[in-house]
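Residue numbers (the numbering used here), protein chains in the order written: chain A, 99 to 239; chain B, 13 to 446.
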């Protein structure tokens, strides 16, 4: 299963302050470990929200709002995509990440299309098919 | 916000998955016996299972397991040394101190090398292919015996037996715990790649069971492949295999229909292909080619897969490139099945007549007698050429040869159609791997 590991923004990341050499080196080592273990599928760091934008949908109206955005703690500063066997494995990997005090990182499981029929994500079609089958059978009797 | 304590058993499972291979590899170097190394690692795991539910999961669970296992190894080596001394005394050949290995260094240094040694020993040609697969998944994939038995739909006792026998075989043959060098490396590496691809294929088109695919197993194989690519970054065929698996795995969710039926490559909804895996696959293929491995058998198969991955629609497929890749593949690994694949690619690139010519050359091929795809492909080409009566015979023959009920129905349908219908311009079934 896949997990997205979401690193939240902080004052520094929103100010565009790059992490110092030491942290960069530690993070590099951690990433290398993830790659070597065959766990990391992708991972990126994001620029501050001042370089981003939002699009708000209201009926047919689209409003573009330029960054920066105020709610720093709710913003995303980076992410990984990991391939692991369980949520627990993702947690164990994340515990090894060299984050410093106060950081909180979120782990979210990615929907696997392989888990259900691809054209029928809600099972709606299959359900209808079964109903139809039952109807046909009841008419046969 | 709820702060929940982690369930220690689940945490232990996860830690085991992450640490077991490195643990076993480090221990194997100390004690020079893979079976024993695994037992020591297991003992450390049991200790964790006893301790952690009470004490909580330690801050650094990997290090905890290492220390626990190392202590057991030290005890064992001391007992052995004692035993050796006694034997020496009996033989009156005391020759000074028995060398004590630097245990910390033994475990902490050269983790990569140890892992690589473990890979090569688990895939040693002295073992049967089944044993290699079981041992690799167990020692390197961190899978339990039960998980392996579920994946391969064999009883758990069978898998356990295989593993026990494999370890005994390795010990009895005194297979050295080392990375092969020189010409030996190429041969041994191909055994490793074979094992990983075998695991992948069992997941990709299951030979047994009700499910057409078992994606879990594909993920296990991919993980092993990616680990190997990290351990042997300069070996082009490792990247070739990883590329092949990444690209094939990108189609996993497209190759099963709503009711679990197989969907063939050219009929797949390409929007369902996993673009992230395709990208990873193309990068790995590029790496294999840059390392001079474009002509390796896995890299060539990956290049075929990449042709399909790059085509936005089935109609955009570069069939002449696929035909030439198969030709190159034939030169490195001659096989009538690859010939047949090439014939199909040629028919798609240059028309059914050219394809039929190649297929007809294969009719006398002994190993293809009884292979349903030969008459199936031939029937399709004949149908395209308007030779419907001959085509019908071939489809019926193919239907009588296949073991798959769904496929048989499809072939009989096509046979019946030949009598009435004009042929649809459709590529032969089984042409390209889905």
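Note that beta-carbon positions come from the ideal geometry of N, C-alpha and C, so glycine has one too.
Can you round the beta-carbon distance between residue i and residue j to whole angstroms, since I take them to be within the 8 angstroms contact cut?
{"i": "residue 290 (chain B)", "j": "residue 321 (chain B)", "result": "5 angstroms"}
{"i": "residue 199 (chain A)", "j": "residue 104 (chain A)", "result": "Not really, about 19 angstroms apart at Cβ, beyond 8 angstroms."}
{"i": "residue 257 (chain B)", "j": "residue 234 (chain B)", "result": "5 angstroms"}
{"i": "residue 352 (chain B)", "j": "residue 384 (chain B)", "result": "About 11 angstroms separates the two Cβ atoms, so there is no contact after all."}
{"i": "residue 196 (chain A)", "j": "residue 101 (chain A)", "result": "So it is not a contact: roughly 19 angstroms between Cβ atoms."}
{"i": "residue 11 (chain B)", "j": "residue 232 (chain B)", "result": "Residue numbering for chain B in the displayed model covers 13 to 446; residue 11 (chain B) lies beyond these limits and cannot be assessed."}
{"i": "residue 60 (chain B)", "j": "residue 39 (chain B)", "result": "The pair is not a contact, with the Cβ atoms about 15 angstroms apart (cut-off 8 angstroms)."}
{"i": "residue 344 (chain B)", "j": "residue 387 (chain B)", "result": "Actually they are not in contact, since the Cβ atoms of residue 344 (chain B) and residue 387 (chain B) sit about 28 angstroms apart, beyond 8 angstroms."}
If you measure between the beta carbons of residue i and residue j, is that distance less than 8 angstroms?
{"i": "residue 77 (chain B)", "j": "residue 31 (chain B)", "result": "yes"}
{"i": "residue 127 (chain B)", "j": "residue 33 (chain B)", "result": "yes"}
{"i": "residue 229 (chain B)", "j": "residue 208 (chain B)", "result": "no"}
{"i": "residue 311 (chain B)", "j": "residue 323 (chain B)", "result": "no"}
{"i": "residue 252 (chain B)", "j": "residue 215 (chain B)", "result": "no"}
{"i": "residue 176 (chain A)", "j": "residue 148 (chain A)", "result": "no"}
{"i": "residue 315 (chain B)", "j": "residue 337 (chain B)", "result": "yes"}
{"i": "residue 139 (chain B)", "j": "residue 178 (chain B)", "result": "yes"}
{"i": "residue 41 (chain B)", "j": "residue 189 (chain B)", "result": "yes"}
{"i": "residue 259 (chain B)", "j": "residue 317 (chain B)", "result": "yes"}
{"i": "residue 55 (chain B)", "j": "residue 36 (chain B)", "result": "no"}
{"i": "residue 153 (chain B)", "j": "residue 133 (chain A)", "result": "no"}
{"i": "residue 374 (chain B)", "j": "residue 348 (chain B)", "result": "yes"}
Grab me the residues of residue i's own chain with a C-beta within less than 7 angstroms of its C-beta, minus the 5 sequence neighbours each way, in chain order.
{"i": "residue 247 (chain B)", "result": "201"}
{"i": "residue 403 (chain B)", "result": "391, 394, 395, 430"}
{"i": "residue 142 (chain B)", "result": "174"}
{"i": "residue 358 (chain B)", "result": "335, 366, 367, 370"}
{"i": "residue 162 (chain A)", "result": "151, 153"}
{"i": "residue 332 (chain B)", "result": "361"}
Step through the CB atoms of chain A and report whether any lies within less than 8 angstroms of the CB of residue i.
{"i": "residue 501 (chain B)", "result": "An answer regarding residue 501 (chain B) cannot be provided, because it is not within the stretch 13 to 446 covered by chain B."}
{"i": "residue 259 (chain B)", "result": "no"}
{"i": "residue 196 (chain B)", "result": "no"}
{"i": "residue 26 (chain B)", "result": "yes"}
{"i": "residue 263 (chain B)", "result": "no"}
{"i": "residue 242 (chain B)", "result": "yes"}
{"i": "residue 288 (chain B)", "result": "yes"}
{"i": "residue 120 (chain B)", "result": "Any answer about residue 120 (chain B) is weak, because its pLDDT of 45 lies below 50 and its placement is not dependable; what the coordinates show is given next. For residue 120 (chain B), the answer is no, since every Cβ of chain A falls outside 8 angstroms of its Cβ."}
{"i": "residue 23 (chain B)", "result": "yes"}
{"i": "residue 324 (chain B)", "result": "no"}
{"i": "residue 418 (chain B)", "result": "no"}
{"i": "residue 351 (chain B)", "result": "no"}
{"i": "residue 234 (chain B)", "result": "yes"}
{"i": "residue 116 (chain B)", "result": "Note that residue 116 (chain B) has pLDDT 49, beneath the 50 cutoff, so the model's placement of it is unreliable and the number below is only indicative. Judged by the 8 angstroms Cβ criterion, residue 116 (chain B) is not in contact with chain A."}
Considering only residues of the same chain and omitting the five flanking positions on each side of residue i, which have a CB-CB separation below 6 angstroms?
{"i": "residue 5 (chain B)", "result": "Past the edges of chain B, shown from 13 to 446, lies residue 5 (chain B), and the structure says nothing about it."}
{"i": "residue 364 (chain B)", "result": "393, 396, 397"}
{"i": "residue 239 (chain B)", "result": "none"}
{"i": "residue 215 (chain A)", "result": "With a pLDDT of 48 at residue 215 (chain A), under the threshold of 50, the predicted position of this residue should be treated as unreliable, and no value is reported."}
{"i": "residue 184 (chain B)", "result": "none"}
{"i": "residue 407 (chain B)", "result": "391, 423, 426, 427"}
Of all Cβ atoms in chain B, is any one closer than 8 angstroms to the Cβ of residue i?
{"i": "residue 176 (chain A)", "result": "no"}
{"i": "residue 127 (chain A)", "result": "no"}
{"i": "residue 116 (chain A)", "result": "no"}
{"i": "residue 103 (chain A)", "result": "no"}
{"i": "residue 207 (chain A)", "result": "no"}
{"i": "residue 190 (chain A)", "result": "yes"}
{"i": "residue 216 (chain A)", "result": "In this predicted model, residue 216 (chain A) has a pLDDT of only 49, less than 50, meaning its place in the structure is not dependable enough to derive any value."}
{"i": "residue 147 (chain A)", "result": "no"}
{"i": "residue 144 (chain A)", "result": "no"}
{"i": "residue 171 (chain A)", "result": "no"}
{"i": "residue 156 (chain A)", "result": "no"}
{"i": "residue 133 (chain A)", "result": "yes"}
Buried or exposed, going by whether 16 or more other CB atoms sit within 10 Å of the CB of residue i?
{"i": "residue 368 (chain B)", "result": "buried"}
{"i": "residue 172 (chain A)", "result": "exposed"}
{"i": "residue 26 (chain B)", "result": "buried"}
{"i": "residue 85 (chain B)", "result": "buried"}
{"i": "residue 181 (chain A)", "result": "buried"}
{"i": "residue 110 (chain B)", "result": "Since pLDDT at residue 110 (chain B) reaches only 41, below the 50 mark, its modelled position is unreliable, and no value is offered."}
{"i": "residue 112 (chain A)", "result": "buried"}
{"i": "residue 196 (chain B)", "result": "exposed"}
{"i": "residue 287 (chain B)", "result": "exposed"}
{"i": "residue 382 (chain B)", "result": "exposed"}
{"i": "residue 132 (chain B)", "result": "buried"}
{"i": "residue 225 (chain B)", "result": "buried"}
{"i": "residue 161 (chain B)", "result": "buried"}
{"i": "residue 190 (chain A)", "result": "buried"}
{"i": "residue 272 (chain B)", "result": "exposed"}
{"i": "residue 21 (chain B)", "result": "exposed"}
Using a Cβ-based criterion (distance less than 7 angstroms to any ligand heavy atom), does residue i qualify as near the ligand COA?
{"i": "residue 163 (chain A)", "result": "This structure lacks the ligand COA; in fact it carries no ligand of any kind."}
Residues in the same chain with beta-carbon distance under 8 angstroms from residue i, minus the five sequence neighbours each way, listed in chain order, please.
{"i": "residue 92 (chain B)", "result": "none"}
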